[in-house]
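All remarks here apply to the structure that follows.
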Amino acid sequence: MTGYKCAICGREDTPLLEANIKDRGPALVCPDCWAKLMAENKIIVGSTGGGCACG
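In the numbering used here, the protein residues as written are 1461 to 1515.
Structure representation (structure tokens):
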């Protein structure tokens, strides 16, 4: 276990994605929260790689 968890829901059992969230800044989020934030237009597109924060 890496010790990292989703900044939105606290989930630890999945790879996390880097997101630059409007009015919040950079955060690591799970794929489910990433999809929800994208649907709500809350991610600043093009500001991050959107990839795994594992490397």
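Even glycine gets a Cβ: it sits at the ideal position worked out from N, Cα and C.
Bridge partner(s) assigned by DSSP for residue i
{"i": "residue 1485", "result": "1481"}
{"i": "residue 1504", "result": "Answer is none; residue 1504 lacks a bridge partner."}
Whole-angstrom distance between residue j and residue i, CA atom to CA atom
{"i": "residue 1498", "j": "residue 1463", "result": "25 Å"}
{"i": "residue 1477", "j": "residue 1494", "result": "7 Å"}
{"i": "residue 1504", "j": "residue 1488", "result": "14 Å"}
{"i": "residue 1508", "j": "residue 1485", "result": "Residue placement at residue 1508 is poorly supported in this model, since its pLDDT is 49, which falls under 50; the coordinates are not used for a value here."}
Cβ neighbour criterion (16 or more within 10 Å) applied to residue i
{"i": "residue 1537", "result": "Any property of residue 1537 remains undetermined from this structure, which presents the chain solely from 1461 to 1515."}
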